[in-house]
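Heads up: the structure comes next, in structure tokens.
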Amino acid sequence: MELRGPEAWGPPVNDDEARTVLNEALDAGINLIDTSPDYGVAEEHIGRWISHRRDEFVLVGKCGCPVTGGDPAHVYTRANVRACVERSLRRMRTDHLDVLMVHLSPSVAVMEAEDTVAEMRALQDEGAIRFTGMSGELPHLPDHLAMGVFDVFLLPYSALDRSHEEFAGAAAVAGAGTIARGSVARSLVPPPEAVPEPIRRPLADRHARLAAARLDELADGAPVTELLLRYILGRPELHSLIVGSAQAAHLRANITAATKGPLPPDVHNAVHDRLHPE
8 MELRGPEAWG PPVNDDEART VLNEALDAGI NLIDTSPDYG VAEEHIGRWI SHRRDEFVLV
68 GKCGCPVTGG DPAHVYTRAN VRACVERSLR RMRTDHLDVL MVHLSPSVAV MEAEDTVAEM
128 RALQDEGAIR FTGMSGELPH LPDHLAMGVF DVFLLPYSAL DRSHEEFAGA AAVAGAGTIA
188 RGSVARSLVP PPEAVPEPIR RPLADRHARL AAARLDELAD GAPVTELLLR YILGRPELHS
248 LIVGSAQAAH LRANITAATK GPLPPDVHNA VHDRLHPE
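According to the numbering used here, the sequence shown holds residues 8 to 285 in order.
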């Protein structure tokens, strides 16, 4: 699952909601939690409410994020990578991250110039992180894979947006872990006007396509979110899926859907055909 907070896209998460969602997730057997310094106070919530259960989950963090207020720019220098990790460890009250991902898909040239990977390796040698990863997008992801240094890739993938499908397959064949993000809610809710136009437009287009597909006719009374989530569970090139949950009711609905497993092949194919009628 993914936890965000104020300063990130989505509703604010108060202490009671965060405590309930995080602990119910672990109680239900969810064992991967993805977060970032960019996600408001999410790291503090993790540290406050579930650090005593640290051995029950894989913790995925990010680096390259701003560590001082007022500057939104991402920087991939050795100093900033280390500062990100040290602050995240303090906030989440842990001595290590299971996976440290480079955030926002910088080019190989940028990372080589800044010695990004060298610092990740140093942190790995010190035991502060266990595995390295890239939270990325096309066009840079194939170059990231070719570097041969990342253990895990976090990438956008949904029933509507399959643009990263070929890469996910290539990464899986190469032995890397693949985690899908943006698979459910971002297609269901129209993006707020405050979202920057380059991001908002494709999201708005996907929302319109989803509405036109009338997937409710295939859902047999279940929420469309269930169809979208179970569609992803049927993709063999994807090893895990993160779904943002800010409310306990949403978390429970997602867990109920996930426990049903992948869609039957005929329904999976019907969802595909409606969303991709070419």
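Glycine included, C-beta positions come from ideal geometry on N, C-alpha and C.
It should be emphasised that the depicted structure is a prediction, and the values quoted were computed from it without experimental measurement.
Quiz item: Between H214 and L66, what straight-line distance do the alpha-carbon atoms span, to the nearest angstrom?
Solution: Taking the sequence shown and counting its residues from 1, the one referred to as residue 214 is at position 207. Taking the sequence shown and counting its residues from 1, the one referred to as residue 66 is at position 59. Across the structure, H214 and L66 are spaced so that their CA atoms are roughly 31 Å apart.
Quiz prompt | Proximity winner among P73, I136 and E50, relative to R100 (alpha-carbon distances) | solution = Taking the first residue of the sequence shown as 1, we reach residue 100 at position 93. Nearest option by C-alpha distance: E50.
Quiz prompt | Same chain only: Cβ atoms within 8 Å of E285, ignoring 5 sequence neighbours per side | solution = Walking along the sequence shown from the start, residue 285 turns up at place 278. Taken in chain order, the list of residues that qualify is empty.
Practice problem: Report the rounded CA-to-CA distance for P19 versus P113, giving the unit in angstroms. | Solution: Position 12 of the sequence shown, counted from the first residue, corresponds to residue 19. Position 106 of the sequence shown, counted from the first residue, corresponds to residue 113. Cα to Cα, the separation comes out at about 28 Å.
Self-check item: Same chain only: Cβ atoms within 6 Å of E121, ignoring 5 sequence neighbours per side
Solution: As a first step, residue 121 must be located in the sequence shown, where it is residue number 114. Closer than 6 Å at Cβ, skipping near neighbours: Y83 and T84.
Quiz item: Under the rule that 16 or more other beta-carbon atoms within 10 Å means buried, what is K267, buried or exposed?
Solution: In the sequence shown, counting from the first residue as 1, residue 267 sits at position 260. By the 10 Å Cβ count, K267 comes out exposed.
Quiz item: Using DSSP with H/G/I as helix, E/B as strand and the rest coil, what is G155?
Solution: On the sequence shown, position 148 is the one that residue 155 refers to. In the structure shown, G155 sits in coil (DSSP, three-state: anything other than H, G, I, E or B).
Exercise. Compute the distance between the beta-carbons of L161 and S190, then report whether it is under 8 Å.
Key: The residue given as residue 161 occupies position 154 in the sequence shown. The residue given as residue 190 occupies position 183 in the sequence shown. Not a contact, by the Cβ cut-off of 8 Å.
Quiz item: Among P230, N261 and L222, which residue has its Cα nearest to the Cα of A277?
Solution: Looking up residue 277 in the sequence shown gives position 270. Measuring from the Cα of A277, the nearest candidate turns out to be L222.
Quiz prompt | Rounded C-alpha distance that separates A218 from H279 | solution = One-based indexing of the sequence shown puts residue 218 at position 211. One-based indexing of the sequence shown puts residue 279 at position 272. Straight across, the Cα-Cα distance linking A218 with H279 is about 14 Å.
Quiz item: Quick one: what's got a C-beta closer than 6 Å to D3's C-beta in the same chain, skipping five residues either side?
Solution: Summary: the structure shown does not reach residue 3, with the chain confined to residues 8 through 285, and so no result is reported for it.
Quiz prompt | Under 8 Å between C-beta atoms of L130 and R98 | solution = Working through the sequence shown from its first residue, we reach residue 130 at position 123. Working through the sequence shown from its first residue, we reach residue 98 at position 91. Contact: no.
Quiz prompt | Contacting residues, own chain, Cβ-Cβ under 8 Å from P79 (five flanking each side not counted) | solution = Here residue 79 refers to the residue found at position 72 of the sequence shown. Only P73 meet the Cβ criterion.
Quiz item: Between the Cα of M154 and the Cα atoms of V28, P163, L234 and E119, which residue gives the shortest distance?
Solution: Position 147 of the sequence shown holds residue 154. With distances taken between Cα atoms, M154 lies closest to E119.
Quiz item: Distance, Cα to Cα, S247 vs A86?
Solution: Your numbering for residue 247 matches position 240 in the sequence shown. Your numbering for residue 86 matches position 79 in the sequence shown. In a straight line, the C-alpha of S247 is about 31 Å away from that of A86.
Quiz item: Taking the continuous beta strand (DSSP E) assigned at A187, which residues delimit it?
Solution: Residue numbering aside, residue 187 sits at position 180 when the sequence shown is read from its first letter. It spans G184 to R188 - the beta strand (DSSP E) in which A187 sits, taken as one unbroken run.
Quiz prompt | Identity of the residues DSSP links to G68 by a beta bridge | solution = Translated into positions along the sequence shown, residue 68 becomes position 61. DSSP lists L107 as partners of G68.
Quiz item: Are G140 and D158 closer than 8 Å when you measure CB to CB?
Solution: For the purposes of this step, residue 140 is taken as residue 133 along the sequence shown, with counting starting at 1. For the purposes of this step, residue 158 is taken as residue 151 along the sequence shown, with counting starting at 1. Cβ atoms of G140 and D158: closer than 8 Å.
Practice problem: List the DSSP bridge partners of T139. | Solution: To locate residue 139, count along the sequence shown from 1; it is residue 132. In DSSP, T139 forms a bridge with L107.
Practice problem: With DSSP collapsed to three states, give me the class of L145. | Solution: On the sequence shown, residue 145 is found 138 positions in, with the first residue counted as 1. L145 falls in the coil class under three-state DSSP.
Quiz item: When you compare each of A116, H110, G68 and L111 to S95 by their alpha carbons, which one comes out closest?
Solution: As a working note, residue 95 is residue 88 in the sequence shown. It is G68 whose Cα lies nearest to the Cα of S95.
Quiz item: Where do the ends of the beta strand (DSSP E) carrying D41 lie?
Solution: For the purposes of this step, residue 41 is taken as residue 34 along the sequence shown, with counting starting at 1. It spans L39 to D41 - the beta strand (DSSP E) in which D41 sits, taken as one unbroken run.
Practice problem: Report the partner residues of P163 according to the DSSP bridge assignment. | Solution: For the purposes of this step, residue 163 is identified with residue 156 of the sequence shown, where counting begins at 1. Partner(s): R188.
Quiz item: With DSSP run on the structure shown, which of helix, strand or coil describes S252?
Solution: As a first step, residue 252 must be located in the sequence shown, where it is residue number 245. Coil at S252, not helix or strand.
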